[in-house]
Each structure stands twice: as structure tokens, then as C-alpha cells.
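FYI, the numbering for the sequence shown is 2 to 125, going by my numbering. For every residue, glycine included, the Cβ atom is placed at its ideal position computed from N, Cα and C.
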Amino acid sequence: MSLPTLETKQAIIQRIQQAHAQRQTFLAQMRDRQKQALEIAQQISDRLKTEFGVQKVILFGSLLNPEHMDFESDIDLAVWGLPAQSLYRAGATMEEGHNFPVDLVPIEQAKPHIQEAIAKGVEL
């Protein structure tokens with residue numbers, strides 16, 4: 002087996018540097034997206050409480066850490082006190098006026114692994 006040439010080593014180093022730069026650009030974009038989503042999540046929380054009588058809202062999931070986000074990340078919200086018959090209407094209403102999908106999770110319906118994620122969330 003032959004050792005890599007100087008050109009091969011330089012090409013590898015260049016690819017690593019490019020990947021690092023791309024990652025930094027991506028993370029900056031995700032931090033901007035996170036900031037927008039957090040503002041929207043707070044507005045949604047306020048609306049859920051005033052329009053639907055929700056008692057408590059917790060943001061959980063990928064939005065809590067930009068390193069876990071991508072361009073498809075949604076706003077995951079656990080809700081307490083949302084009447085079952087209002088879930089779909091509330092979900093549709095909360096997706097209006099912005100470009101983020103919203104996932105409302107009534108705490109009563111949350112599966113154990115989702116409850117673990119909710120426990121790590123932030124109350125809005």
C-alpha cells in the first residue's frame with residue numbers, strides 16, 4: 002500500500018476546511034431560524050391561552066438547539082388544557098401567518114418518549 006501524495010493530503014485538508022466552513026454557515030442559518038421560531042412560538046403560546054383556554058405551553062424538540070435543527074424543523078408545543086374537539090382547529094389556526102409547521106401535542110396524548118422530550122423543554 003502506498004502513502005498518499007502531497008496533492009492527496011492537500012485535497013483532503015481542503016475538503017475538511019470546506020466542510021467546516023459550510024457547517025458554520027449552516028449553523029448560523031439555523032440560529033437565525035431558531036430566533037424567528039422562538040418569537041413565533043411565544044406568539045402561538047399567547048394565542049393558545051387566550052383563544053383556546055390552554056393553561057400551559059412547553060416548547061420542546063429540535064428548536065431548543067440549533068445543532069439539532071434543519072430547514073424542515075417544526076415548532077413542537079406540548080399543551081395542557083386544550084379541549085380535544087379544538088385540537089385540529091387550533092393546529093390549523095396556529096400555522097397561519099408564518100412558514101413554520103406547528104405540532105401541538107396535548108400532554109394527555111403524549112407517549113412516554115415524547116414526555117421525556119417535553120420534560121427537557123421550556124415553558125412559554
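Excluding its 5 nearest sequence neighbours in each direction, Glu-96 has C-beta neighbours in its own chain below 6 Å: Val-103, listed in chain order. Glu-117 and Thr-9 have their C-alpha atoms some 46 Å from each other. Here Pro-67 carries a helix assignment [DSSP, helix/strand/coil]. Boundaries of the beta strand (DSSP E) harbouring Pro-107: 103-107, taken from the DSSP string. In its chain, beyond the 5 residues on either side, Ala-38, Ile-41, Asp-75 and Ile-76 have a beta carbon closer than 7 Å to the beta carbon of Phe-101.
Beta-bridge pairing by DSSP links Leu-60 to Leu-78 and Val-123. Here Ala-91 is buried. Its C-beta has 16 or more other C-beta atoms within 10 Å. Pro-67 and Arg-32 have their C-alpha atoms some 6 Å from each other. Secondary structure of Glu-96 (DSSP, three-state): coil. For Leu-4, there is no enclosing alpha helix (DSSP H), as DSSP marks it with neither H nor E.
Here DSSP, grouped into helix, strand and coil, assigns Lys-10 to helix.
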